[in-house]
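K.L.:
Each residue of the sequence shown is one higher than the one before, counting from 1 in my numbering.
Think of the CB as a built atom: it goes at the ideal place given N, C-alpha and C, for glycine as much as any other residue.
Given the structure is predicted, the values throughout are model-derived calculations rather than measurements.
Let me begin by handing over the structure; questions about it come next.
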Amino acid sequence: MNTAPTARQWEQIRQRVKNVIEGPNTDIDRFITDVAQHGQLSPALLAEYPVLVDTRRARLVEAVVRHALGGVDRADGEGNRACVVYDYPNDQLIGTVLDTGQTFTTDDPRQLADWLFAAGVRHGRVSMPDWREGDIAPFTGDKIALHHRLNQLGRQESGEQHEQMTTHQEYASLSPELTMQLYTDYPLIFPHRPPLAVADGWFDLLDTLCWRLQAETSNGGPQVVVQQVKEKFGGLRFYPKQQNDAQRGMIDMAQALSFRICEVCGDRGRHIGPGWERTRCAAHESDRGEYA
Ligand SMILES: [Zn+2]
């Protein structure tokens with residue numbers, strides 16, 4: 001749509017935006033006009049509307065409007081497009097179908113994939129912000145799980161393959177000795193002594209991550225306090241309360257590296273799935289990594 005939208009097209013865009021964010025037509029129209037002019041919501045408008053303080057919603061509004069105004073050719077038969085962001089305070093994923101504005105919220109990336117697929121979204125048509133955009137970026141593990149599931153649904157649809165999905169999720173835990181070592185070495189990161197639900201193979205990764213995070217604090221960064229450490233969909237999850245950009249980058253790097261390191265022994269590993277998703281070396285492919 002390179003020419004000005006007709007009244008009917010405008011109403012369509014309005015409805016899509018309203019699926020993402022509540023508001024009277026006059027407000028919604030200003031959002032659309034603003035994105036049409038600047039390519040994104042301008043700082044002045046963001047300051048004016050408290051509802052847009054939620055950067056996740058603002059980002060989705062921008063994506064829906066840009067998509068509608070761009071007039072992307074959807075006759076290619078590849079399915080609808082979607083944008084997925086992470087709601088950090090609530091640990092939820094928010095996915096919006098750009099062609100309709102339909103918005104789904106869940107903490108389970110596979111559930112989100114199921115809903116998006118049902119709404120016509122296909123693999124390769126989902127965009128997600130990366131860590132540079134701050135805490136609206138979904139975790140690497142969530143991205144992988146969502147892509148896997150969409151890919152799998154696509155293959156089922158085309159009749160190529162029929163795989164059994166499992167909801168089975170096993171959690172390992174770090175041995176008591178290594179757990180105590182981390183608690184003792186980084187008392188400010190682990191004041192709450194949360195369970196460390198990963199196998200011993202990731203100890204060096206965690207130890208190095210904590211060492212660098214604390215060094216960043218010594219250099220003037222905020223004190224990272226960890227709420228939760230666990231394995232999910234084969235990757236490390238490290239949930240901090242506070243972090244600056246440098247620390248966010250370190251955590252993202254550690255989480256990405258965990259997909260290359262055997263969770264059981266620390267040797268080079270590979271991500272295995274779907275089904276029971278894990279990262280293992282050849283020797284430990286079937287090892288649950290549970291501490292007995
Ligand atoms: Zn191994």
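(1) Quick check on DSSP: helix, strand or coil for D27?
(2) As a quick exercise: from R122, G120 and L93, pick the residue whose alpha carbon is nearest that of D108.
(3) Does the beta-carbon of L153 have 16 or more other beta-carbons within 10 angstroms, so that it is buried, or is it exposed?
(4) Can at least three beta-carbon pairs, one atom from the region 121-128 and one from the region 209-223, be found at a separation below 8 Å?
(5) If you follow the alpha helix (DSSP H) that F238 is part of, which residue opens it and which one closes it?
(6) Determine the DSSP secondary structure at S218, reduced to helix, strand or coil.
(7) By Cβ distance, which residues of its chain are closer than 6 Å to Y183, with the 5 residues on each side in sequence left out?
(8) Rounded to the nearest angstrom, what separates M165 and Q111 at their Cα positions?
(9) Sorted by chain position, which residues of the same chain lie with C-beta nearer than 6 Å to I251's C-beta, five sequence neighbours on each side aside?
(10) Does Q37 pass the burial test, meaning 16 or more other C-beta atoms within 10 Å, or should it be called exposed?
(11) Among N90, D91, D99 and Y88, which has the Cα closest to the Cα of E62?
(12) Does the beta carbon of R280 fall short of 7 Å from some heavy atom of ligand 1?
(13) Assign T33 to one of two classes, buried (16 or more other C-beta atoms within 10 Å of its C-beta) or exposed (fewer than that).
(14) Give me the residue from V20, G95, A246 and H147 with the minimum Cα distance to N219.
(15) By DSSP, does I272 sit in helix, in strand, or in coil?
(16) Return yes when at least one heavy atom of ligand 1 lies under 7 Å from the C-beta of A283, else no.
(17) In chain order, what are the residue ranges of uninterrupted beta strand (DSSP E) at least 3 long that sit wholly in the region 100-165?
(18) For R81, which option in G101, R280, P187 and P176 has the closest C-alpha, if you only look at C-alpha atoms?
(19) In this structure, does DSSP put T167 in helix, strand or coil?
(20) Considering only heavy atoms of ligand 1, does any lie closer than 7 Å to the CB of V198?
(21) Are the beta-carbon atoms belonging to F259 and G275 less than 8 Å from one another?
(22) For a test of the three-state rule: what should DSSP assign to I329, helix, strand or coil?
(23) Decide if the region 21-30 is in contact with the region 46-63; the criterion is three or more beta carbon pairs, one per stretch, under 8 Å apart.
(24) Does the distance between the C-beta of G234 and the nearest non-hydrogen atom of ligand 1 fall short of 7 Å?
(25) Going by DSSP, what residue range makes up the beta strand (DSSP E) through A82?
P.N.:
The structure says:
(1) In the structure shown, D27 adopts helical secondary structure according to DSSP, grouped into three states.
(2) L93
(3) buried
(4) No, because fewer than three Cβ pairs between the region 121-128 and the region 209-223 fall closer than 8 Å, the two stretches do not touch.
(5) Taken as a continuous stretch (DSSP letters only), F238 belongs to no alpha helix (DSSP H), being part of the beta strand (DSSP E) at G235 to P240.
(6) DSSP places S218 in helix when its eight states are reduced to three.
(7) F190 and R193
(8) In this prediction, M165 has a pLDDT of 44, which is less than 50 and means its spatial position is unreliable; nothing more can be read from the coordinates.
(9) If we look at I251 and ignore the five residues flanking it on each side, its Cβ neighbours are F238.
(10) exposed
(11) D99
(12) yes
(13) When all chains shown are included, T33 counts as exposed.
(14) If we check each option's Cα against that of N219, A246 comes out closest.
(15) strand
(16) A heavy atom of ligand 1 is found nearer than 7 Å to the CB of A283.
(17) 103-106 and 121-127
(18) By alpha-carbon distance to R81, the top candidate from G101, R280, P187 and P176 is G101.
(19) With a pLDDT of 40 at T167, under the threshold of 50, the predicted position of this residue should be treated as unreliable, though the coordinate-derived value follows. Residue state, collapsed to three classes: coil.
(20) no
(21) no
(22) Outside the modelled stretch of the chain, which goes from 1 to 292, sits residue 329, for which no answer is possible.
(23) Between the region 21-30 and the region 46-63 there are three or more C-beta pairs closer than 8 Å, enough to call the two in contact.
(24) no
(25) N80 to D87
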